[in-house]
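Taking it in order: structure first as structure tokens, then the write-up.
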Amino acid sequence: MILRLGSGQALRLGSGQALRLGSGQALRPFGRAQGRLSSGQAGYVKVGQLSEFPPGYVRGFRVNGDEVAVVNLDGAFHAFSNACTHENVDLADTMLAGNELTCTFHGSVFNVETGEAVVGPAYRPLTLYSVRIEDEDVLVGKE
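Residue numbers for the sequence shown follow the working numbering, beginning at 131 and rising by one.
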């Protein structure tokens with residue numbers, strides 16, 4: 131997981147490491163997960179439960195053969211292609227700044243609600259995916 135600290139600084143957490151937040155809380159990387167097809171939603175894949183998506187943290191999944199990133203933006207879920215459109219760099223395991231996601235490689239910035247590339251060098255938007263909530267399950271499919 132990479133946390134942007136500002137002024138070009140970043141903190142990288144490896145597997146098994148945690149960032150202590152105080153009061154016994156810790157932020158840990160989730161790692162990759164494979165989604166499972168949900169019988170209730172044709173074409174949709176279960177990627178986890180609501181409790182597994184802390185606000186602002188981007189998680190990556192393979193959904194029907196596509197690499198997809200999913201984020202909880204203050205209770206609204208968004209899914210988009212998990213690759214920067216500039217150099218195909220993985221966008222998961224990062225934190226948002228508002229509704230914007232920064233690629234850790236060259237600094238391209240994307241709006242996770244629209245997919246728009248708002249700061250270059252990337253200029254092509256991210257592909258968006260549809261997210262559905264079924265009971266406590268988070269499901270992702272093609273728009």
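Where a beta carbon is used, it is the ideal one built from N, C-alpha and C, also for glycine.
For the pair of segments examined, the stretch 260-273 was found not to touch the stretch 227-243: the number of CB pairs separated by less than 8 Å stays below three. Apart from sequence neighbours up to five positions away, the residues of its chain that approach Val248 with a beta-carbon distance below 6 Å are Val239, Asn241, ordered along the chain. For the set Phe207, Asp265, Pro255, the Cα lying nearest the Cα of Gly186 is the one of Phe207. Rounded to whole angstroms, the separation of the alpha carbons of Leu231 and Gln179 is 22 Å.
Rounded to whole angstroms, Asn218 and Ser211 show a C-alpha spacing of 10 Å. Contact between Tyr174 and Leu269 is confirmed by a C-beta separation of about 4 Å, below the 8 Å threshold.
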